[in-house]
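One structure below.
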Amino acid sequence: MKIISRKINLSTKGNGEIINITDYVQSELKKTKISTGIVTVFIPGSTGAVAAMEYEPGLINDTKDLFKKIVPESNKYSHDSTHTNNGNAVSHLRASLVSPSITIPFEDCSLSLGTWQQVVFIDFDNRPRDRKILLKIIGE
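Heads up: the sequence shown begins at 3 in this note's numbering, then just goes up one per residue.
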């Protein structure tokens, strides 16, 4: 059994940007030459999230609209008045609805995703950021 750590660096625009990171994850997986196992994708920080979804323009817009409806920017949030006044309570709340990690099985050095399934990073912060994505690859 091997355990390997990898890191992916991304520059993001923030504000709900959804980035397809499937190829990045797949590329790092192939470099390990581990053929079968699991990979955990983890986003450090409390304003980003990772998910599996179809990366299609209509669905991307629908997803962004959904988060705007669930956590509207127009609401008043306690966090914004008690913590650094940076106005990113919406960012934290939206990220908390998803997850900072996802675990995906793989076979023959290939992610076991469905036909329309991609791994995406969602940056909910209200400003551009340089982000790191951590991978933990476990297998044989």
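Glycine included, every Cβ here is placed at the ideal spot set by N, Cα and C.
Assuming residue i and residue j form a contact by the criterion Cβ under 8 angstroms, report the distance between their Cβ atoms to the nearest whole angstrom.
i	j	result
ILE45	ILE135	6 angstroms
ILE106	VAL41	5 angstroms
Taking C-alpha atoms, which residue in the options lies nearest to residue i?
i	options	result
PHE126	THR105, SER7, THR14, PRO107	THR14
THR117	VAL27, LEU12, MET55, ASP67	MET55
THR65	LEU99, ASP110, LYS32, THR24	LEU99
ARG96	ASN17, GLN120, PHE108	ASN17
ILE72	TYR57, THR84, VAL92	VAL92
PHE108	ASP82, GLN28, GLU75	GLN28
Give the straight-line distance between the Cα atoms of residue i and residue j, rounded to the nearest whole angstrom.
i	j	result
LEU61	HIS94	22 angstroms
ASN90	GLU30	32 angstroms
THR34	ARG129	34 angstroms
LYS148	SER112	Nothing about residue 148 can be read from this structure; the chain reaches only from 3 to 142.
TYR26	ILE104	15 angstroms
Could you spell out the range, first to last residue, of the alpha helix (DSSP H) harbouring residue i?
i	result
LEU95	91-98
VAL69	Note on identity: in this sequence residue 69 is Phe, with Val being the wrong assignment. PHE69 -> alpha helix (DSSP H) spans 59-72.
ASP82	80-84
GLN1	Outside the shown range of the chain, which is 3 to 142, sits residue 1, and nothing can be said about it.
According to the neighbour-count rule (16 or more other Cβ atoms, all chains shown, within 10 Å of its Cβ), is residue i buried or exposed?
i	result
ILE36	buried
ILE139	buried
GLY39	buried
THR84	exposed
Over what stretch of residues does the beta strand (DSSP E) that includes residue i continue unbroken?
i	result
SER13	4-14
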